[in-house]
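J.: The sequence shown begins at -2 in this note's numbering and counts up one residue at a time.
Where is the CB? At the ideal position from N, CA and C, for every residue including glycine.
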Amino acid sequence: MWIHKAALALLAAACLFLSACSSLSVTADVEQLMRPPTLSAEQEQVRDALEASIGTDQYRLKYPTSGQYRSAYTFYDLDGDGQEEAVVFYALDEDSSGVVRIAVLDSQNGQWRAVVSAAGQGTDVDQLQFASVTGRQAVDLVVGWIDETRTYETVTVYTFRQERLQNLYEDSYTELLVDDLDQDGMDELLLLRSSSGGRVTAKLVENSLFSLEVTDERRLNLSFANILQVQSGWLSQEVYGVAVDGYTSDYRYSSEAIVARDGQLAFPFDREGDSDDLYDLVTRSSRVFTRDVDGDGVLDFPSQEALPGYESSDPEDTLFLTRYLHFNGEGSLETAASAYVDAANGYLLFFPDNWLGEVTAVVQPQSGEVTFFQYLGSLEDQSAMLLRIRCYSSSDYQDQNDREQYVKLVSRGIFEYYASIHTIPGNPLSITLDQLSQEMFALL
-2 MWIHKAALAL LAAACLFLSA CSSLSVTADV EQLMRPPTLS AEQEQVRDAL
48 EASIGTDQYR LKYPTSGQYR SAYTFYDLDG DGQEEAVVFY ALDEDSSGVV
98 RIAVLDSQNG QWRAVVSAAG QGTDVDQLQF ASVTGRQAVD LVVGWIDETR
148 TYETVTVYTF RQERLQNLYE DSYTELLVDD LDQDGMDELL LLRSSSGGRV
198 TAKLVENSLF SLEVTDERRL NLSFANILQV QSGWLSQEVY GVAVDGYTSD
248 YRYSSEAIVA RDGQLAFPFD REGDSDDLYD LVTRSSRVFT RDVDGDGVLD
298 FPSQEALPGY ESSDPEDTLF LTRYLHFNGE GSLETAASAY VDAANGYLLF
348 FPDNWLGEVT AVVQPQSGEV TFFQYLGSLE DQSAMLLRIR CYSSSDYQDQ
398 NDREQYVKLV SRGIFEYYAS IHTIPGNPLS ITLDQLSQEM FALL
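(1) Cutting at 7 Å between CB atoms, please list the residues of its own chain near residue 123, excluding the five before and the five after it.
(2) Taking C-alpha atoms, which residue in 211, 377, 223, 203 lies nearest to residue 195?
(3) Do residue 428 and residue 373 come within 8 Å of each other at the CB atom, strictly closer than that value?
(4) Where does residue 127 sit, in a helix, a strand or coil, going by DSSP?
(5) Taking its Cβ as the centre, do 16 or more other Cβ atoms sit within 10 Å of residue 19, making it buried, or is it exposed?
(6) CB-CB under 6 Å to residue 369, same chain, minus the five flanking residues each way: which ones, in chain order?
(7) Run through DSSP, which three-state label would residue 342 get?
(8) Tell me where the alpha helix (DSSP H) around residue 442 begins and ends.
(9) Can you list, in chain order, the residues of its chain with a C-beta nearer than 8 Å to that of residue 403? Leave out the 5 residues immediately preceding and following it.
(10) Report yes or no: do three or more beta-carbon pairs, one from the stretch 209 to 223 and one from the stretch 157 to 164, lie closer than 8 Å?
(11) Please give me, in chain order, every unbroken run of the beta strand (DSSP E) with length at least 3 that falls completely inside the stretch 220 to 278.
(12) Just to confirm, is the Cβ distance from residue 238 to residue 255 under 8 Å?
(13) Could you tell me the alpha carbon to alpha carbon distance between residue 26 and residue 112, rounded to whole angstroms?
(14) Could you say which of 205, 129, 363, 209 lies nearest to residue 168 if we only look at CA atoms?
(15) Spell out a yes or no on whether the stretch 420 to 435 and the stretch 333 to 341 are touching, meaning 3 or more CB-CB pairs, one atom from each, closer than 8 Å.
(16) Ignore the nearest five residues each way along the sequence and tell me which others in residue 115's own chain have a CB closer than 6 Å to its CB.
(17) Would you mind reading off the limits of the alpha helix (DSSP H) that contains residue 40?
(18) Kindly identify the DSSP beta-bridge partner or partners of residue 204.
(19) So which of 66, 72, 54, 59 has the shortest CA-CA distance to residue 37?
(20) Could you tell me the distance, in whole angstroms, from the CA atom of residue 133 to the CA atom of residue 236?
(21) To the nearest angstrom, how far is it from the Cα of residue 347 to the Cα of residue 313?
(22) Could you check what DSSP says for residue 218 in three-state terms: helix, strand or coil?
(23) Less than 6 Å between C-beta atoms, sequence neighbours within five positions excluded: which residues of the same chain meet that for residue 172?
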């Protein structure tokens, strides 16, 4: 699982991307956008029980802005009795501080009642998670709070027992991830906290003798001006860990790998005394992120090199081949796949082995169409053209004669992806439509 609190930023970015095709406004209040049009019968009962408990209907429901659970009413069996409780976040209109409160409601004989309510640590909710932090069978609430007056978010770990909401742990973070990082059957918290200088501190929090404690705290080897993605998963077939992608202080993109074992943090890229600098391998110029690119269940870290013909170009004018790397059984990185990544249009094109070092590409500035061709010593010489890929939106002007040269590959929302294959007789670099659609083209 991965928890990334930039969900609203991604929503805004998506809206801006769509604004090229429409005049979509993003000024609407987020809470209004996320408010369900109608409540279910059960939600109405929970609402009535909450209002009876607080003695007013003058309040605002608060919605987690990231994570799996984003409803105002979240139902989950917190105490293991086989019946779901309801978790509700709200802020009282009369409270000038705007502090969000968390309430837990229980149903007995079909009647809902509020059993506990507590003040949170912010004016908004970042995320809500349910985890087994205090025990393998436990259900603990992990709540991230947002307060615009603070530099960092605040995480609180609660346990709900005997109709009491107990605060077990509290700390600050920039990024929060909750998962069974050491594969022992219990969840841990990984807190990443950025400083103004770009230094990032990783803190491991886990159960220790019936209390939650920080068992290790270390600085990352990289300085991130902005952390863009945090996810957990298999780093190899044997090692589970965390991948962090971010924008570095020297204006490039890079990755960090983190592993938790026996209460300690380790960084697999940091191999003291080894002449190979793995950090250099995963530092790149364009915005591509770690992902399981080949579907084998192992995370692959992006590395980039200039396509043929761009070796001496400025980085902003360079098109790159992205090599996705994963750890092998010996702790070294090896290539899982190589692809051209078009992040702006949301797709990637896997390169067959015989294309590596032989095929390059150019982009048409106005249409965004990408032409792939055999490199014959000059980017202007496209006589050995192999493939063109173009993305259309429903609002784009589309010349019918132009469209007849293309085959539709796939559609997503208002966007359609088309390709034009150019077969060169006797040239082993030529591809077929089946090869393109089944083996090479994929959406991000």
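T.: If we stick to the structure as given:
(1) Result list for residue 123: 2, 61, 62, 63, 141, 142, 143, 150, in chain order.
(2) 223
(3) no
(4) Correct three-state label for residue 127: strand.
(5) Reliability of the predicted coordinates at residue 19 is poor, the pLDDT of 35 falling under 50, and the value obtained from them is presented with this limitation in mind. Residue 19 is exposed by the Cβ-count criterion.
(6) 356, 358, 383, 384
(7) coil
(8) Residue 442 lies beyond the range of the chain shown here (-2 to 441); nothing can be said about it.
(9) 385, 387, 415, 416, 417
(10) no
(11) Counting only unbroken stretches of 3 or more residues, the beta strand (DSSP E) elements lying wholly within the stretch 220 to 278 are 237 to 245, 250 to 258, 261 to 263, in sequence order.
(12) yes
(13) Residue confidence is low: residue 26 scores 49 on pLDDT, short of 50, so the model does not pin down where it sits. Its coordinate-derived value is still stated next. Residue 26 and residue 112: Cα-Cα distance of roughly 31 Å.
(14) Closest by alpha carbon: 209.
(15) no
(16) 99, 162
(17) 38 to 51
(18) 209
(19) 72
(20) 21 Å
(21) 22 Å
(22) strand
(23) 189, 224, 227
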